[in-house]
Amino acid sequence: MPKSKSLVWFRRDLRSFDHAALHRALAGSGSVYCAFVFDTDILAGLPPDDRRVHFIHASLRELDADLRRLGGGLIVRHGRAEEEIPRLAAELGVETVFANHDYEPAAIARDNRVARKLGADGRLFATSKDQVVFERSEVLTLGGQPFSVFTPYKNAWLRQLAANPDALAPHEIEPLAARLAPAPAASALPGLADIGFAEPANPVAPAGMSGAADLFEHFLDRIASYGTARDFPADDATSRLSVHLRFGTTSIRHLVRTARQMAAHGAAGAEVWLSELIWREFYAMILYHHPRVVTQSFKSAFDAIAWEQGQAADAAFAAWCEGRTGYPLVDAAMAQLNQTGFMHNRLRMLTASFLTKDLGIDWRRGERYFALKLNDYDLASNNGGWQWAASTGCDAQPWFRIFNPLTQSRKFDPDGNFIRRYLPQLAALDAREIHAPMLAEPMLLLAKGVQMGRDYAWPIVEHERARKQTLARFEAIRAAA
Ligand code: FAD
């Protein structure tokens, strides 16, 4: 058995099974410590009742318990990760710190600094692929370039998997668990209050590995119909696993293996769901190869778009954030985001389209708002989704395709049930009125307890006029290009 000591630094991989860095550390060391750092560089910008911090905290409690069951335990620190990790490595006298790859530019820069600090002390920093099946340049065009269109990427991704089925093999932990070093007694998980946070009013549930497993089991009963049901936000048709994929309380390899098995057994929806998991990898790959997308349009020409600015745009942005646009499905979607931290994918597309194409507001403002609110906020997928909706991204919605918020509402929430759930003031309206109360007879609305302007906002923009302005806004770029 190897004698060396090592440390595994958990980040967005909060699980004790199928874990690449932990497996690699256990396979190559005699004694393995496990640590997590509540990184003050990240926590500093968050509100005290941030749901994600609570989710991480709850997930760490379970991770620590499971590591203890296996003979180890978690050392938890609160401070700047890039200082805490080298310090802890020195205190424990480990030779190597293991972690899993991150593809966000700021995380890559931090990891490079940690590697340098560890290196200066004669220690190694060893990282592994874990959060995706294929990363970086593992899926390229025949010409050796990164893809910028999804469908050929997906086809190449599937071919790559067929050629390398081992890419889905689990990184086993239990057979090597005897090498886990018990966590020092003084390393216990601090309380939320100890790190300056409080329990949110509406926490993300369920958290942790067990939460992810329960959600997945529940979803597998419905995966067969995912292809047809996934666009209807009132229905419980999608997996809700995004926050778990974000924080690694589930394993992407396990999800992909299961989806393929279900597809092989005839569950058509499983194939569609697998495509969504591949979208996630597509955007991670785009961010890795094109880090400029964090602040710039993927298609540079669109950086010249004259987005609306000034007081009127600020007021419209505030109305969008607070769900006061006068378009019920848009407002219900923003209420879902503000109240729960989740928003259904169809509604993310709709609200992002509404902000950029009905209100003419820069996608970066909406992207930042989502980053603040989404439980599953992931820079790559969020940026990709926003640039898709704004038509500035790779393989994006063409700029002349503009969602009509009323048509979307009638199509994807036909009975108005989603609107009723988040806009109770409109609950008495029937399916004909609820999508567009601004068009309904005022006396009829009043009979149902709704007075426009008092109980519900008048529309802040007229869709048809906004559509023409947006077409002109994008045409101007085309003319100039
Ligand atoms: P399911 O339908 O069950 O899909 C399974 C998984 O596939 C998801 O959990 C997610 O990991 C992945 N996935 C699904 N759709 C997409 C997609 N379009 N792009 C990338 N991955 C996808 N997803 C995030 O995880 N974080 C974000 O910050 C994020 N921001 C978005 C912003 C906009 C404007 C848009 C249009 C989409 C965004 N998405 C984001 C993608 C998608 O909306 C969510 O992943 C999905 O709604 C999560 O619900 P679910 O877990 O039930 O998904």
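Taken in order, the sequence shown gives residues 206 to 686; the numbers are from this note's numbering. Cβ atoms here follow ideal geometry from the backbone N, Cα and C, with glycine treated the same way.
#1: Check whether the Cβ of residue 476 lies closer than 6 Å to any heavy atom of the ligand FAD, and answer yes or no.
#2: Using a threshold of 6 Å, is the CB atom of residue 612 nearer than that to any non-hydrogen atom of the ligand FAD?
#3: Three-state secondary structure (DSSP) at residue 655?
#4: Which of the three DSSP states is assigned to residue 663 in this structure?
#5: The ligand FAD and residue 490: does the residue's C-beta get closer than 6 Å to at least one heavy atom of that ligand?
#6: Using only the alpha-carbon positions, how far apart do residue 384 and residue 468 sit?
#7: With burial defined as no fewer than 16 other Cβ atoms inside 10 Å of the residue's Cβ, what is the status of residue 709: buried or exposed?
#8: Could you check whether residue 223 and residue 458 sit closer than 7 Å to each other, using their CB atoms as the reference points?
#9: DSSP on residue 282, reduced to helix/strand/coil?
#10: Inspect the beta-carbon positions of residue 666 and residue 580 and report whether they are closer than 7 Å.
#11: Distance, Cα to Cα, residue 571 vs residue 509?
#12: Based on the DSSP output, what are the partners of residue 151 in its beta bridges?
#13: Quick check: does the Cβ of residue 484 come within less than 6 Å of any heavy atom belonging to the ligand FAD?
#14: The ligand FAD and residue 594: does the residue's C-beta get closer than 6 Å to at least one heavy atom of that ligand?
#15: Tell me the rounded alpha-carbon separation between residue 310 and residue 298.
#16: Name the residue from 271, 284, 547 whose alpha carbon lies nearest to the alpha carbon of residue 379.
#17: Who are the Cβ neighbours of residue 438 in its own chain at under 7 Å, not counting the five residues just before and after it?
#18: Are the Cβ atoms of residue 376 and residue 334 separated by less than 7 Å?
#19: Within the continuous alpha helix (DSSP H) that includes residue 322, where are the two ends?
#20: How long is the line joining the alpha carbons of residue 514 and residue 627, rounded to whole angstroms?
#21: I'd like the span of the beta strand (DSSP E) that includes residue 242, first residue to last.
#22: Just to confirm, does residue 590 get its C-beta within under 6 Å of one of the non-hydrogen atoms of the ligand FAD?
#23: Is the closest heavy atom of the ligand FAD to the C-beta of residue 445 under 6 Å?
#24: Regarding residue 481 and the ligand FAD, is the C-beta to nearest heavy atom distance less than 6 Å?
#25: Tell me whether residue 582 counts as near the ligand FAD, meaning its Cβ is closer than 6 Å to at least one heavy atom of that ligand.
#26: According to DSSP, is residue 444 helix, strand or coil?
#27: Based on the DSSP secondary-structure assignment, which residues constitute the bridge partners of residue 329?
Let's see:
#1: In the sequence shown, residue 476 corresponds to position 271, counting from 1. No - the ligand FAD has no heavy atom lying nearer than 6 Å to the Cβ of residue 476.
#2: Looking up residue 612 in the sequence shown gives position 407. No, the Cβ of residue 612 stays beyond 6 Å of every heavy atom of the ligand FAD.
#3: Looking up residue 655 in the sequence shown gives position 450. Three-state DSSP puts residue 655 in coil, outside helix and strand.
#4: Residue 663 sits at position 458 when you count from the first residue of the sequence shown. Coil, per DSSP.
#5: Within the sequence shown, numbered from 1, the residue matching residue 490 stands at position 285. No; taking the cut-off as 6 Å, the Cβ of residue 490 has no heavy atom of the ligand FAD nearer than that.
#6: In the sequence shown, residue 384 corresponds to position 179, counting from 1. In the sequence shown, residue 468 corresponds to position 263, counting from 1. Between residue 384 and residue 468, the C-alpha separation is close to 38 Å.
#7: With the chain represented from 206 up to 686, any question about residue 709 goes unanswered, as that position is not in the structure.
#8: The residue you call residue 458 lines up with position 253 of the sequence shown. The residue you call residue 223 lines up with position 18 of the sequence shown. Taking 7 Å as the Cβ cut-off, residue 458 and residue 223 qualify as a contacting pair.
#9: As a first step, residue 282 is located in the sequence shown; it is residue number 77 there, counting from the start. Residue 282 falls in the strand class under three-state DSSP.
#10: Taking the first residue of the sequence shown as 1, we reach residue 666 at position 461. Taking the first residue of the sequence shown as 1, we reach residue 580 at position 375. No, Cβ-Cβ distance for residue 666 and residue 580 is not below 7 Å.
#11: What you label residue 571 is simply residue 366 of the sequence shown in a count that begins at 1. What you label residue 509 is simply residue 304 of the sequence shown in a count that begins at 1. Roughly 18 Å separates the two Cα atoms.
#12: No answer is possible for residue 151: it lies beyond the span of the chain, which begins at 206 and ends at 686.
#13: Against the sequence shown, residue 484 aligns to sequence position 279. Yes.
#14: The count along the sequence shown starts at 1 and reaches residue 594 at position 389. Yes - the ligand FAD has a heavy atom lying nearer than 6 Å to the Cβ of residue 594.
#15: For this step, residue 310 is matched to residue 105 along the sequence shown. For this step, residue 298 is matched to residue 93 along the sequence shown. Distance between the alpha carbons of residue 310 and residue 298 is about 29 Å.
#16: Residue 379 sits at position 174 when you count from the first residue of the sequence shown. Residue 271 is the option with its Cα nearest to residue 379.
#17: As a working mapping, residue 438 is identified with position 233 in the sequence shown. Correct list, in chain order: 549, 551, 552, 617, 618, 623.
#18: On the sequence shown, position 171 is the one that residue 376 refers to. On the sequence shown, position 129 is the one that residue 334 refers to. Against a cut-off of 7 Å, the Cβ pair of residue 334 and residue 376 comes out as no contact.
#19: Along the sequence shown, one-based indexing puts residue 322 at 117. 310 to 325 is the extent of the alpha helix (DSSP H) around residue 322.
#20: Counting from one through the sequence shown, the residue named residue 514 turns up at place 309. Counting from one through the sequence shown, the residue named residue 627 turns up at place 422. Cα to Cα, the separation comes out at about 30 Å.
#21: Residue numbering aside, residue 242 sits at position 37 when the sequence shown is read from its first letter. Here the beta strand (DSSP E) through residue 242 covers 236 to 244.
#22: Walking along the sequence shown from the start, residue 590 turns up at place 385. Checking every heavy atom of the ligand FAD against the Cβ of residue 590, one is found closer than 6 Å.
#23: Sequence index remark: in the sequence shown, residue 445 carries index 240 (1-based). For the ligand FAD, at least one heavy atom lies less than 6 Å from the Cβ of residue 445.
#24: As a working mapping, residue 481 is identified with position 276 in the sequence shown. Yes.
#25: Working through the sequence shown from its first residue, we reach residue 582 at position 377. At least one heavy atom of the ligand FAD is nearer than 6 Å to the Cβ of residue 582, so yes.
#26: For the purposes of this step, residue 444 is taken as residue 239 along the sequence shown, with counting starting at 1. Reduced to three states, the DSSP call for residue 444 is coil.
#27: Within the sequence shown, the letter at position 124 stands for residue 329. Per DSSP, 301.
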